[in-house]
Structure formats: C-alpha cells, structure tokens
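A.B. asks: Just dropping this structure here.
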Amino acid sequence: MSAKPESIEQIIAQKHIECLHRGFHVWPALEYGKPPAMGDSRWTADLILSTWMQAETGQPPSNGLEYRTGQSGGGFDVLHLKFLPPEHWLADDAAIDLSIPLNRRDYDRQIRIPVPFYGAGMSYGSISENVMLARAMAARKWDTFTCTGEGGYPESLVSYKDHVITQIATGMFGVREETIQCAPIIEFKYAQGAKPGLGGHLLGDKATTTVAQMRESVPWVSLFSPFPFHSVYSVEDHKKHIDWVKTINPAALVSVKVSTPTDIDMVTVGSYYAGAHIVQIDGSYGGTGAAPEIAKKNIAMPTELAIPRVHRYLVAEGIRDELVVMASGGLRTAHDIAKVIALGADGAILGTAELVALGCTRCSNCERGRGCPFGLTTTDPELQRLVEPEWGAARLSNLYQSFQSELRTILRQLGLQNIRDLRGRKDLLLYRGDVKAS
Amino acid sequence: MYGVFSGPVGGFAPREHLCVGCLRCTTQYPEFVRILPNPARSSLGDSYFTPDRVDTVCYEARSGKVPVKGAGYRGPFGGSGWDGLWTDMSEIVRPTRDGIHGREFISTVIDIGAKPWRVTIADEQPSRRPPQLLSIPIPVLFDAPPAALLTDTVVRTLATAAEATETLVVLPVESLGKSAPRGRHIVPLITGAHLAALQQLGFEPAMLELAGWDQQLFAQVQAQFPRSIVCLRMDLPSTDALLRAWASGVRVFHLLANYHGRGSDGRFAIDLFREAHKALVAERCRDEGTILGGGGIIAAEHVPKAIICGCDGVSLDTPLLVALQAQFAGEAVRRETSSFKLPSRFTVDWGVMRITNLMASWRDQLLEVMGAMGLREVRRMRGEMGRAMFQTDLEREAFSEIAGYVS
Chain A
863 MSAKPESIEQ
873 IIAQKHIECL
883 HRGFHVWPAL
893 EYGKPPAMGD
903 SRWTADLILS
913 TWMQAETGQP
923 PSNGLEYRTG
933 QSGGGFDVLH
943 LKFLPPEHWL
953 ADDAAIDLSI
963 PLNRRDYDRQ
973 IRIPVPFYGA
983 GMSYGSISEN
993 VMLARAMAAR
1003 KWDTFTCTGE
1013 GGYPESLVSY
1023 KDHVITQIAT
1033 GMFGVREETI
1043 QCAPIIEFKY
1053 AQGAKPGLGG
1063 HLLGDKATTT
1073 VAQMRESVPW
1083 VSLFSPFPFH
1093 SVYSVEDHKK
1103 HIDWVKTINP
1113 AALVSVKVST
1123 PTDIDMVTVG
1133 SYYAGAHIVQ
1143 IDGSYGGTGA
1153 APEIAKKNIA
1163 MPTELAIPRV
1173 HRYLVAEGIR
1183 DELVVMASGG
1193 LRTAHDIAKV
1203 IALGADGAIL
1213 GTAELVALGC
1223 TRCSNCERGR
1233 GCPFGLTTTD
1243 PELQRLVEPE
1253 WGAARLSNLY
1263 QSFQSELRTI
1273 LRQLGLQNIR
1283 DLRGRKDLLL
1293 YRGDVKAS
Chain B
37 MYGVFSGPVG
47 GFAPREHLCV
57 GCLRCTTQYP
67 EFVRILPNPA
77 RSSLGDSYFT
87 PDRVDTVCYE
97 ARSGKVPVKG
107 AGYRGPFGGS
117 GWDGLWTDMS
127 EIVRPTRDGI
137 HGREFISTVI
147 DIGAKPWRVT
157 IADEQPSRRP
167 PQLLSIPIPV
177 LFDAPPAALL
187 TDTVVRTLAT
197 AAEATETLVV
207 LPVESLGKSA
217 PRGRHIVPLI
227 TGAHLAALQQ
237 LGFEPAMLEL
247 AGWDQQLFAQ
257 VQAQFPRSIV
267 CLRMDLPSTD
277 ALLRAWASGV
287 RVFHLLANYH
297 GRGSDGRFAI
307 DLFREAHKAL
317 VAERCRDEGT
327 ILGGGGIIAA
337 EHVPKAIICG
347 CDGVSLDTPL
357 LVALQAQFAG
367 EAVRRETSSF
377 KLPSRFTVDW
387 GVMRITNLMA
397 SWRDQLLEVM
407 GAMGLREVRR
417 MRGEMGRAMF
427 QTDLEREAFS
437 EIAGYVS
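If you're matching them up, the sequences are chains A and B in order. Just so you know, we're using the numbering used here here: the first sequence kicks off at 863 and counts up by one. Just so you know, we're using the numbering used here here: the second sequence kicks off at 37 and counts up by one.
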C-alpha cells in the first residue's frame, strides 16, 4: 500500500527546511564569503557563522572564523585568558572536570551538572513549542537543564521534567501546582537583563489562542507582565515566596533570577539569606523576545561588571561557598563562559547562543507579527515547522559538545584540572583594550 | 514572509521597502540572493547623530511609540559620552503597583524658575515676592534651530508643537515678527542688539532668555516683563560665570554644549552638567534655581541621563530637525555653522504631528527608565548620581585587579 501523499503545505515546508539547512551548512564554509549584512558588534557575522558550524559539527571552526569573541570593544571582548606557555599545559589526555554543583549548601537535594552551563528561561509564546522541545531534549542528553520561562509548561515537556526548570515570574503565567511539584529547580524571575525593572513583553500578534490558553489570558492581546512581584516588598517577602514553593515541592532547589542594579551585591546576599540555592545574575546585554530598546542598552550593568562585585561581596560575607552564582546576559562562546567564571561566577546560562545554533541571524524581528522567519521565536503554526525538535536537539547537543571541548582546552592551557578552580581567578585574565581578545 | 518576493515577478523585482533584514532569503538561497547594507542609510546624520539614531528618531516621530524589538542589545559595550552611563533599577521597588501600562502615575512635570528656600516675614508681610515658577508637563523644551532654518513654516511648526505639548520653545526675538505666532510658550531669545524687537513683542512670554550675560539687559528685561522668568543662556563649561550670574540674581540657566555634546574645552556634557550642578550644591542654593541643559541630547535615554547629571530639564535641537526629516549637510557641530536641508515642502500640521509623536515616545521612554528606578516624579531624579552607574567606575572596580587594566 503506497504512503499517503503529502499535502502541498508539507511539501513546501520540506523544501524550505532543506534549503535552510543547506544555508546553515554552506554559509559557515565561506563558499559565498560572509553575508555582508549579517552581524553586529556583539554578535559578529563570524560568531554567528561559527556557532552554526559548531552546531553542525560539534567542533570549533578551523577555517579562520573568529569563534571566541565579538567586537563590542569592551567586557568579554577585551579580556584575554592568560594561557601558560605550551610546555606547562596539561597533557591532552588529562582528565578535566567541568562539572559544577547547583546546590552548595549541605542540606537539600544535591544536583550536579557535567558542564558549567544550562539553558536560559524562554517562554512558550516567545519561542515555539518545537524549540522548547529541542532544548529539553538536548538538556536531557547532557544531563543539564533548560528553563520554561514564564509562559507556562507545555504538556510535551513533561517527559523531560527532570531537566526542566520551572520559572515563576511576575505575570504568574501558567504557574500551576503540578508544574511546581514536578520541577527539580524552581526559578523566581525578579528581573530580566534585557529589560531590567520592566515586566515581560509578549506582543498581541504572538499571543495566539494556544498561547493565551496556556497563560490563561485573552488571545491576541499584548501581555505585559507586571513588575515587580506584587507580593514582594522586601527580602522577607522574598523568603515567603521561597517558603511557599518549598511547601509545594520540598525537594526542589530554588533559583533567583535578578538583573544588575547598583546594589546587586546586597540583592544576592538577601537572596542567599532567604534560602535560595542559585542566584542568576542576568546582565543588561541579555536576550529577549521583545523589549524596549531604551531598556536593553541603558538600564542596569553588563554581567561582566556585576559578577566581580557579587563574588567579592559574597566572599567578604563568608558565604561564597554556600551559594551558586550563575551568570547570564550576553554570553556567546565557550571563552565567554571561561571568562565569566574567572570573574567570579560558578557557571553560565545560555539563551541567545542556543537560538543562534538553531539558525537565528539576530535580525531582531522576534516581537513582530508572526514572529521569527526561522521558526524560532514564533507561535505561528506554519513557521514552527521549520524547526523539528530532533534536528534542533542535535544542533544544540553539538554546540554543547563544542563548548565542552573548548572549555577543556582552555583549562588544559591554564593548567587547571577542574572548572571550579577557575572561579574568581582574575589573575588568569589579561585586559587588553587595544587588542582583540582571544 | 514579509512580502518582499510577493510581487508579480517574485525575486526578479523584490519589494525592497518591505525587507526587515531577517536574512532568511539569503540564508536559503546564497547563490541567488545577496542582502547588502543600504549605502543611503549609512550616509544619514553625521558622526554623532549616527544612522541608527536617525532611524530611531524617525520611527519615534512617525509612530509616537516606544521602539520595542526582539533579541538583545546589538551595539558596542558601553562607550563614550552618554553611552558610558547606565541607569539603576530596583528588583522590588516601583512607583506604584499598578503597572506602567495601566494606572501607574509617574509625574514628568518640572518647575522652571526661582524657588526661594523660605518666605521671610517682616512687618507681617512677606519680604520677598512669591516664587516665579512655571511648570511644564515634560522635562523637555525646544531650542532654536540654526538661523538659516528659521522660516515661517519652521517657526510656526515649533511654536505650535510647543503649545500642543505644553512646553516651551526658544526662538530668536528677531524671528518673531508681526505674523509670527504668539503665546506664553514662546521664549524670546534676546541680545542687546534686538531690544527694539523686544519692545514690539506684543505678548507677555512665560520666560525670556538672554543670549549672554549682560547686567544692564537683565535689569531692563526684568523691568519690562516683571511677571516673566528671565533665563540666561550660557555655553559650557560655565561654572564660574554661572556663579557670578547667580550672585547677580539669575536663577534659571540654559547651559549648552555643542550639537555633539561637547563643551568649548572638549569635555562631554555629562561632566559639564555635573560640574554646574555640584557648584550650586556647594553654594547650598541648588534647590532655589533651575538648570536646563542642551546640546548633544539626541535620544530618549539622554533625557533621564542629563537629569541624573544635574539638569532639571533639557532642550532639544537636532532631534527636532531630524523629526522633520532634515538631512545633514556635513558635520553639524555648532548651531552657528551647521547646515541642514529640510523637506522642500511640508505643512505645519505634519511637522507638529511629527514633533508631538517624538515627545510622546520620549516621555513614555522616560517613564520606562523612571519606573525601573522606582521613581515616581522626575523632579526627584535630578542629580541622583547614586542611581547612575558610570562605566569608568564600574570597570575600575571590576577589572582593576586584572593585568593590563589602566583606568
């Protein structure tokens, strides 16, 4: 019996998918040079293309693409790693441990991830369900985590629940007891680096009926999450929040996502005393599905400047080894991860890098109309087809593999066997404002 | 998906104006499609008012909306001038709990004028006359454009837009002829040479502005317009001159950098505004007067930043021209020497709409910044330097232990 003929829509979609996949392959190979209109100073064309290549091959490029840093003229892009002379490098086969614990307290559940990074919160609505699934699949394969963001918990993610962080944000969209109960880590999002001090934005065109149903809202109406939590006026109120989720799910670890105000050190200490296991410092150059341009650029400080302050303050308080500090907000490469750990973080959280691995060109059209023309940050049923979950999971897995390989190489060349030994080692960094970093 | 190739002959005649730069076409078909940056766009503005800035102001003037886009920040790390300053936010403090897009009320009103510290009573009468104050609902006023642009249409456009937005517009007194608009929102800019024009003004402005310090002219204007505020226009840096003028009775200052935000000594407005503000703070009289800052304020974020640096309000120059779709003829550094080309024909209504939209957008963006900071009135933002983060300070703190770092 012959197979049922495909619909014309399926044939068209398949044609587009094939062409896109071919594009993701041929552009990084530089057969056509670099796309002249691609990239910006943070995510250069080289960084985008090299991320595409890593997502395909699982290895950094060897064809001259600059895959380590961008050209922003500051922060990570002017910090070098101070490698040892080759004769002092660890052997190629030296065992390098990249694992980090996500609970440094001596009570509550102990979770350790084999790589010092996990996936950032991206909500259902800001990205498609297929992309969420791809991220969850990759997280399970690497025994790390991805995060729901604030848009609810699609049913399809339940089978990956051991690797999915449930986010509770100010809009409380899709927050239900059962999704809190099944999560190994609960993340409270107080603020987001790309729009510090402002709530989430999901513009009306993307609030489809299914998205609205998940969020228990009205379809096609823009959703602006309030800011901040209406129930939190102090650290004591914050502790009340933590007590609340611990009542629902006593086994869960608690993460607190904050942005980077002047008193970020105090905020972190307050979160620690309220009982958080993880504090995510989300710097101002982080990604978003939609945010006012004025907020992205001007409100709060970049993560490179916040992490050293937080680390130093926690050390001074004598609590540094009891709290996990995860850095996010503009981390693009394995080198950025190593640098931010050297500045004082325990690990890193990746968002935009994952989307770039899936084909994002950083065109900044995530918020409009049907959303992303590459099927990533969209809720459009047709566009979602462009990212098959299995294909996406393989791309992300390859990116993780490349980052793992790079981090091992970095540690070997720094003479370290353990990523945890890199934390706060500013002496292994070199500032060169006049020379492109490596 | 944006309709670029949906014309009758598809890709053979793409509808370029619909392109959003997503690069999907070139990604899928690298052998057929090549997307190039538009060279015409890269020639917009000048080295300070960059094409991106021009684009943004044009969008704001067209739509009246806050620019909202997906993906993260795309520009350089910090930078010089205004870009080297980040504003603070609070994780838990908001002006109110009603939401910025709902009922939350944040005041953007500022007061301009002399504010005596106290009223002293002598012989059962106040020893000083009541404060001369005027309030405008947004901390932004319009500065005079270059003389060559002072056509009847431009003057009417600026004056009508100022009236519509309930702010003020500074216009040279000689441009206020018999047929020119009248009203308290017009601030005549006066030099000693134009006293005759002042005599024939025909209305009582809320404020007048002296183009430079002239004790005799100051007294003369005060006498002629006893109910009006008299403001002194000064080029930055101006601390010594400002203090001298203060001692002579001036209470409102309009401090100006050039169009690129630089003072005559080359320093940027951030430092110069802070210096002027701190000088009055040191004299313990800051709350009794008003500082209006201008020059180099070309984006919505520059307004709160200037206020944080000590200005009560700001004046706009080139953004108003860009909102009117003016093209730069070379570098525009100083008002006296800059050249712009405005559209050959435009109506006052169109211009007023564009400027009103720009103000609406900038006000809403000011609310975003103030909301994030947890401030409910812009007057309380003035000089709040503790709520600003300067890149140089933060880098010194974060990187000073790192080899190679030089402050």
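For every residue, glycine included, the Cβ atom is placed at its ideal position computed from N, Cα and C. This structure is a prediction, so every number in the text was calculated from the model and none was measured.
#1: Tell me where the beta strand (DSSP E) around Ile1203/A begins and ends.
#2: Spatial neighbours of Lys944/A within its chain, please: C-beta separation below 6 Å, excluding the five flanking residues on both sides.
#3: To the nearest angstrom, report how far apart Ile157/B and Gly1132/A are at their CA atoms.
#4: Considering just the uninterrupted stretch of the beta strand (DSSP E) at Ala183/B, what are its terminal residues?
#5: Which residue's Cα is closest to the Cα of Arg1224/A: Val40/B, Cys58/B, Ser42/B and Pro355/B?
#6: Select from the segment 63-79 of chain B all residues with a C-beta closer than 8 Å to any C-beta belonging to chain A, and list them in chain order.
#7: Pull up the DSSP beta-bridge partners for Thr123/B, would you.
#8: Can you list the residues of chain A that Arg110/B reaches, using a CB-CB cut of under 8 Å?
#9: Need the endpoints of the beta strand (DSSP E) that Gly349/B sits in, please.
#10: Can you name, in chain order, every residue of its own chain whose Cβ lies under 8 Å from the Cβ of Ala49/B, other than the five neighbours on each side?
#11: Using 8 Å as the threshold, is the segment 1127-1141 of chain A in touch with the segment 75-95 of chain B, meaning 3 or more CB pairs across them?
#12: Does chain B have any CB closer than 9 Å to the CB of Thr1072/A?
#13: Assuming Glu1166/A contacts Val1202/A (C-beta within less than 8 Å), just tell me the rounded distance between them.
#14: State yes or no: is the beta carbon of Val257/B nearer than 9 Å to at least one beta carbon in chain A?
#15: Report the three-state DSSP secondary structure of Arg974/A (helix, strand or coil).
#16: In terms of residue numbering, what span does the alpha helix (DSSP H) encompassing Tyr1134/A cover?
#17: So Leu291/B and Leu272/B are supposed to be a Cβ contact under 8 Å. How far apart are they, rounded?
#18: List the endpoints of the continuous beta strand (DSSP E) containing Cys267/B.
#19: State whether the segment 97-115 of chain B contacts the segment 373-387 of chain B, with contact taken as three or more CB pairs (one from each stretch) at a distance under 8 Å.
#20: Can you pull the chain A neighbours of Ser143/B, defined as C-beta to C-beta under 9 Å?
#21: Run the CB neighbour count on Arg213/B, radius 10 Å, all protein chains shown included, and call it buried at 16 or more, exposed below.
#22: Could you check which residue in Ser990/A, Ala1200/A, Thr1028/A and Ala956/A has the C-alpha nearest to that of Leu1115/A?
#23: Do Arg1182/A and Ile962/A have their beta-carbon atoms positioned less than 9 Å apart in this structure?
#24: Do you know how far the Cα of Phe1007/A is from the Cα of Ser1300/A?
#25: Residues of chain B with a CB under 7 Å from the CB of Phe1236/A: which are they?
#26: DSSP state of Phe68/B, grouped into three classes?
#27: Along the beta strand (DSSP E) that carries Met243/B, what are the first and last residues, could you check?
#28: Give every residue of the same chain whose Cβ lies closer than 7 Å to the Cβ of Met994/A, excluding the five residues on either side of it in the sequence, and list them in chain order.
#29: Would you list the residues sitting across from Ile1156/A in a DSSP beta bridge?
#30: So what does Phe1050/A bridge to, in DSSP terms?
#31: Between which residues of its own chain and Ala1207/A is the CB-CB distance below 6 Å, once the five residues before and five after are set aside?
#32: DSSP on Phe289/B, reduced to helix/strand/coil?
#33: Let me make sure I understand the geometry here. Which of Gly1148/A, Arg1174/A and Glu1040/A has the alpha-carbon closest to that of Ala1210/A?
#34: Using the beta-carbon count (16 or more within 10 Å), is Trp122/B buried or exposed?
C.D. replies: Straight from the coordinates:
#1: No beta strand (DSSP E) holds Ile1203/A; the alpha helix (DSSP H) holding it covers Ala1196 to Leu1205.
#2: Leu1290 and Leu1292
#3: 51 Å
#4: Segment: none, Ala183/B is in no beta strand (DSSP E) and carries neither H nor E.
#5: Cys58/B
#6: Thr63, Gln64, Tyr65, Pro66, Glu67, Arg70, Ile71, Leu72 and Pro73
#7: Ile1161/A and Ala424/B
#8: Asp902, Ser903, Arg904, Trp905, Arg1224 and Ser1226
#9: Gly349 to Leu352
#10: Gly43
#11: no
#12: no
#13: 7 Å
#14: no
#15: strand
#16: Ile1126 to Ala1136
#17: 5 Å
#18: Ile265 to Asp271
#19: no
#20: Here the premise fails: no neighbours, minimum Cβ distance about 18 Å.
#21: Note that residue 213/B corresponds to Gly in the displayed sequence, not to Arg. With fewer than 16 other Cβ atoms within 10 Å, it is exposed.
#22: Thr1028/A
#23: no
#24: Any answer about Ser1300/A is weak, because its pLDDT of 44 lies below 50 and its placement is not dependable; what the coordinates show is given next. Approximately 28 Å between the Cα atoms of the pair.
#25: Arg60
#26: coil
#27: Met243 to Leu246
#28: Tyr986, Pro1016 and Leu1019
#29: Per DSSP, none; premise fails for Ile1156/A.
#30: Ile1030/A and Val1118/A
#31: Ile1169, Val1187 and Ala1189
#32: strand
#33: Gly1148/A
#34: buried
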